[in-house]
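Chemist: Number 34 in our numbering belongs to position 50 of the sequence shown; there are no gaps in the numbering.
Each residue gets a CB set at the ideal place from its N, CA and C atoms; glycine is no exception.
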Amino acid sequence: MVVIGIDPHKSSHTAVAVDETGRKLAQHTVPATPDGLLRLRTWAAAWHRRKWAVEDGRGIAGRLVRTLIGHGATVIWVPPKLMARTRASARTRGKSDPIDALAIARAVLREPDLPTAHLDQAALDLRLLSDRRDYLITRRTAAINQLRWHLHDLDPALDPGTSSLTGPRRLSTLTTALTGLPASVRRDLALDLTAEITTLGEQITRLEQQLTQQITTHAPSLLAIVGISVVTAAKIIGETAGITRFRSAAAYAMHAGTAPIPVWSSNRTQYRLNRGGNRQLNTCLHRIAITQLAHHPPARDYRARWTAEHPHASTKAALRALKRHLTNTIYRALLTDHHRLHPAT
-15 MVVIGIDPHK SSHTAVAVDE TGRKLAQHTV PATPDGLLRL RTWAAAWHRR
35 KWAVEDGRGI AGRLVRTLIG HGATVIWVPP KLMARTRASA RTRGKSDPID
85 ALAIARAVLR EPDLPTAHLD QAALDLRLLS DRRDYLITRR TAAINQLRWH
135 LHDLDPALDP GTSSLTGPRR LSTLTTALTG LPASVRRDLA LDLTAEITTL
185 GEQITRLEQQ LTQQITTHAP SLLAIVGISV VTAAKIIGET AGITRFRSAA
235 AYAMHAGTAP IPVWSSNRTQ YRLNRGGNRQ LNTCLHRIAI TQLAHHPPAR
285 DYRARWTAEH PHASTKAALR ALKRHLTNTI YRALLTDHHR LHPAT
């Protein structure tokens, strides 16, 4: 079996083929164009038993991976951190596209249980919508912060303080108040920011409506879990990118960064925080855990039982245990929704 590691970029893709022992066989660089992808597949045809390993780069490798999978190839996503560790442990010093591609291929040999990629248009659409919503919210927050400074200078009474500046009614009232002030550059900038915040709010609302329509039919079991909203469910599905990629709940926990890491060398069993995995998924799990501890008695009961069984553990360790437990619950819910939509699989 030959593993072909690819270091993807916007303008080019560099591929390195290695054998089962990790020995480099060949390398090839092609432009990131349809013709370049065809040349890459033609070059790889020299090895009949092969699989592809691609660094998991959001937005850069998507077209490449879709093309490979569309032609029946087996593609494995390699997390950037895993690739970096493999490169650091190699005898070859430095960093280049061929060195990175070689590290990507060898990472697959060192970690044979990495999940494979597959085409999941629904998950891709949800991730695109979720990412767009996050971007618009970031822009709106920045605009609100600028607006508050202008309001403080124009008239501190116009600033609602701790109240939100996202509601259409409040923004309309603020626009009327600003219009009544004497003309100035600062007033005009404040009016522009108010209009921008209003427009961004309308776009965010439309995106949330789209997410609601898709999630309601796509993931009812996931939505039934306490603490998971439409936005959180969309983020989970988009970042999971197909629950069938994972052979077990433990593999999914490793992907989400909730699998505990052992850190002991004596008789006392001890684990530490896992800083690896998908941080977007990990953030979702953290929010769900905090919400359940506040509003879901079974979550509090689980934490109490775990704390009683581990009297020397910290409060943060108990929270990490709850997140690991929630990962199993979410894994089962995603599988249930998948089998409901695809009963033949």
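Measure how close the beta-carbons of TRP36 and LEU52 come, nearest whole angstrom, since I'm counting them as under 8 Å.
Modeler: 6 Å
Chemist: What's the call for MET67, buried or exposed, on a 16-neighbour Cβ count within 10 Å?
Modeler: With at least 16 other beta carbons inside 10 angstroms of its own, MET67 counts as buried.
Chemist: Quick check on DSSP: helix, strand or coil for LYS65?
Modeler: helix
Chemist: Which complete alpha helix (DSSP H) runs does the stretch 117 to 145 hold, if anything under 4 residues is left out?
Modeler: none
Chemist: Taking all protein chains shown into account, decide if LYS219 is buried (16 or more other Cβ within 10 angstroms of its Cβ) or exposed.
Modeler: So LYS219 ends up on the buried side.
Chemist: Under a Cβ-count criterion, where at least 16 other Cβ atoms within 10 Å of its own Cβ denotes burial, should HIS239 be classed as buried or exposed?
Modeler: buried
Chemist: State the beta-bridge partners of HIS(-3) as determined by DSSP.
Modeler: PRO(-8), VAL14
Chemist: Starting from the Cα of ALA235, find the closest Cα among PRO(-8), VAL0, PRO99, THR159 and give me that residue.
Modeler: The option with the nearest alpha carbon to ALA235 is PRO99.
Chemist: Tell me whether VAL214 sits in a helix, a strand or coil according to DSSP, three-state version.
Modeler: helix
Chemist: Nearest to ALA16 by CA position, among LEU195, THR(-2), PHE230, ASP3, is which residue?
Modeler: THR(-2)
Chemist: Where does SER114 land, buried or exposed, given buried means 16+ other C-beta within 10 angstroms?
Modeler: buried
Chemist: Cutting at 7 Å between CB atoms, please list the residues of its own chain near THR70, excluding the five before and the five after it.
Modeler: ALA87, ARG90, ALA91, ARG94
Chemist: Please state if the CB of ALA225 and the CB of ILE199 are separated by a distance shorter than 8 Å.
Modeler: No, the Cβ-Cβ distance between ILE199 and ALA225 is not below 8 Å.
Chemist: Does GLY43 pass the burial test, meaning 16 or more other C-beta atoms within 10 Å, or should it be called exposed?
Modeler: exposed
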